[in-house]
Amino acid sequence: MIKRAFRPAARPSWSRLALAFGAGALGALGQAPWSLWPLALCGFAALIWLYRHTLSAPKAAWIGWAGGAGYFALALFWLVEPFLVDIARHGWMAPFALFFMAGGLALLWAVAFGVARRLGGIIALVALWTVMEMLRSVLFTGFPWATIGHIWSDHAVLQLAAVAGTPLLTFVTLVIAAGPSARKPYVGLAISLVVLAAAWGFGAQRLASHETQNTGKTVRLIQPNAAQHLKWQSEHIGEFLQRAVNLTAAPTDTAPDLIVWPETSVPYPLNDAPQVLEAITRAAGGQPVIVGGNDRVEDGWRNTLALLGPEGQREQVYHKYHLVPFGEYIPFGEALSQLGIRGLASRDGGGFSKGPGPKLIDLPGIGPALPLICYELIFPRRLRGLPRSNVILQITNDAWFGNISGPYQHLAQARLRAVEQGLPLVRAANTGISAVIDPWGRVTAETQLNVAAYLDAALPKPAAPTLYAQFYDWPMRVLLGLLLVWRIAARRRLSIDRVPPQE
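Right, here's the structure in full:
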């Protein structure tokens, strides 16, 4: 099918491809910061309608690819921002990064559309499309950013994530969008409205029946607002560090129980800067402080989160282990560095080294916390396999993500993780948005983007473990597997029925 799909005769008309591209872009408007879910549903519905009226598998694959290209080009256009931090060095990569990322991810949609056309029916498309979105979490280290189900991050439907995570959100979204393309459109539309109303009603009821309860502890989030293009310049390093120290020492009626600095907010190697760390804890009045920085280790550098004790000593340390490809490292980095190609945030040669893996840290007076550094938050599987924590703790530097959509989409995924796990989430971001989120995804306190500020906020209590926290993606894997087996069996029965009787 793949070989035949690239023949000119297998390609749909340019007008249809343009329509599919536009429908995909419309679907992307459901993502933060726009959150226009009605337009997103219309975009997905248009793609399903095009699929419904495309008879061959190769043409359906082209429709899926064009739709995916439009969707990812708009949803992920913030990807050009990191390359513009140092335009002279990386600017030429920006258009290629967006083109190849959008076009590459769109291939997954192409597979879903093409194979579904082989199996026949809209149910096959909904199931396979959901499967392809799930695969984005694991293929080539994974990139589940702007998944279809994320369009509900600012709406009551998000609460479905507590049942079966993002895959259920994606599946429900596509079921709703598929209704108008059913063989009986009015019946299909009615089913879509019922599913939407049921999902919204479930979420609204869940939010109404659970109020935010606080632990009695206060956290202070430090947002120094260090612009990425200035952050590592020698004349600004001291300025941004002192700004963070001053925000830490800002007077308050009640001393915070925990102070959290963002990712790489300490500009010196943490294991070589005892005087700096002591000055930070002195500014904190001896209270526990979480800082982000780099550790110098035998195999290079590690992106690090450290808990500082009363004298500035590093009491607990966590090293980031899910690194950003082409950001924190480049495959064959030592060789490519000789050609001047390096990761955007790399230190030497191949970039950062991976940490040993996930772990909990114990926060004084708060209990076990799950530390995550930046990009690690977008992977729900990274929150599994450990004892249950009392809070998810994320430090990040969203200055890389620009000002239009990237930081807002990152925050939206933080809300989703909180709902999935039934845990409060605390995030400190260099340029914003720093926030405290309760176990139902409600933002209880937040900063504005691109301002230097500190945020004192009450720490919410964790909720009971959700179904998703207990069973992860397995319910959706079983459901989607059964749907596909059913469609394959139905296809085989249809093929047998079409075989003429033998004389």
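Yeah, the sequence shown ends on 503 if you go by UniProt numbering, and it's all consecutive.
We treat Cβ as the ideally placed atom computed from N, Cα and C, and that holds for glycine.
No experiment lies behind these values; they were computed from the predicted model shown.
Test item: CB-CB of residue i and residue j under 8 angstroms
i           : j           : result
residue 390 : residue 366 : yes
residue 15  : residue 154 : no
residue 102 : residue 72  : yes
residue 491 : residue 120 : yes
residue 467 : residue 163 : yes
residue 459 : residue 436 : yes
residue 28  : residue 409 : no
residue 322 : residue 302 : no
residue 180 : residue 283 : no
residue 514 : residue 204 : Absent from the model: residue 514. The displayed extent of the chain is 1 to 503, so no value can be given.
residue 315 : residue 308 : yes
residue 380 : residue 166 : yes
residue 393 : residue 426 : yes
residue 418 : residue 398 : no
residue 148 : residue 48  : no
residue 115 : residue 128 : yes
residue 176 : residue 30  : no
Chain B contact for residue i (CB, 8 angstroms cutoff)
i          : result
residue 29 : As a matter of chain content, chain B is missing from the structure shown, which is built from one protein chain.
Residue burial classification, residue i (beta-carbon count within 10 angstroms, cutoff 16)
i           : result
residue 235 : exposed
residue 144 : buried
residue 311 : exposed
residue 433 : buried
residue 385 : exposed
residue 415 : buried
residue 500 : Because the pLDDT of residue 500 is 46, which lies under 50, any placement of that residue in the model is unreliable, and the question is left without a value.
residue 99  : exposed
residue 503 : Any answer about residue 503 is weak, because its pLDDT of 38 lies below 50 and its placement is not dependable; what the coordinates show is given next. Classification for residue 503: exposed.
residue 485 : exposed
residue 505 : Residue 505 lies beyond the stretch modelled for the chain, which goes from 1 to 503, so this question has no answer here.
residue 482 : exposed
residue 288 : buried
residue 478 : exposed
residue 250 : exposed
residue 324 : buried
residue 13  : exposed
residue 228 : buried
residue 53  : exposed
residue 187 : exposed
residue 117 : buried
residue 172 : buried
residue 254 : exposed
residue 75  : buried
Delimiting residues of the beta strand (DSSP E) encompassing residue i
i           : result
residue 436 : 435–437
residue 186 : Run containing residue 186: none in the beta strand (DSSP E); it sits in the alpha helix (DSSP H), 185–208.
residue 292 : 289–297
residue 446 : 443–446
residue 462 : That residue, residue 462, is in no beta strand (DSSP E); it is neither H nor E in DSSP.
residue 371 : 367–373
residue 260 : 258–260
residue 301 : 300–308
Residue range of the unbroken alpha helix (DSSP H) whose run includes residue i
i           : result
residue 242 : 234–248
residue 48  : 37–52
residue 217 : Here residue 217 belongs to no alpha helix (DSSP H); instead the beta strand (DSSP E) covers 214–223.
residue 316 : Looking at the DSSP string, residue 316 is not in any alpha helix (DSSP H); the run it does join, the beta strand (DSSP E), is 314–319.
residue 62  : 57–75
residue 165 : 161–178
residue 129 : 122–135
residue 419 : 406–421
residue 281 : 274–283
Assumed close pair residue i, residue j - CB separation to whole angstroms, cut-off 8 angstroms
i           : j           : result
residue 233 : residue 430 : Actually they do not touch by this definition, with Cβ atoms about 15 angstroms apart.
residue 361 : residue 371 : 6 angstroms
residue 264 : residue 293 : 6 angstroms
residue 78  : residue 401 : 5 angstroms
residue 43  : residue 26  : 3 angstroms
residue 252 : residue 457 : Not really, about 12 angstroms apart at Cβ, beyond 8 angstroms.
residue 463 : residue 422 : 4 angstroms
residue 454 : residue 220 : 6 angstroms
residue 469 : residue 261 : About 28 angstroms; that fails the 8 angstroms criterion.
residue 290 : residue 248 : That pair is no contact at about 11 angstroms.
Residue i Cβ short of 7 angstroms to the ligand HEM heavy atom set
i          : result
residue 10 : Within the structure as shown, the ligand HEM is missing, as the structure has no ligands at all.
message = Tell me whether the region 120–137 and the region 435–448 touch, counting them as touching only if at least three CB pairs, one residue from each stretch, are closer than 8 angstroms.
response = The way I'd put it, the region 120–137 doesn't touch the region 435–448; fewer than three beta-carbon pairs between them come closer than 8 angstroms.
ask   = So, do the region 237–247 and the region 209–228 have three or more beta carbon pairs nearer to each other than 8 angstroms?
value = Cβ pair count under 8 angstroms is three or more, so yes.
ask   = Is there contact here, the region 186–195 with the region 465–480, by at least three beta-carbon pairs under 8 angstroms?
value = no
Meets three-Cβ-pair contact criterion under 8 angstroms: the region 60–71 and the region 15–25 = Using a Cβ-Cβ distance cut-off of 8 angstroms, the region 60–71 and the region 15–25 are in contact, since at least three pairs of beta carbons, one from each stretch, lie closer than that value.
query = Does the region 48–63 come close enough to the region 194–210 that 3 or more CB-CB pairs lie under 8 angstroms?
reply = No, the region 194–210 is not in contact with the region 48–63.
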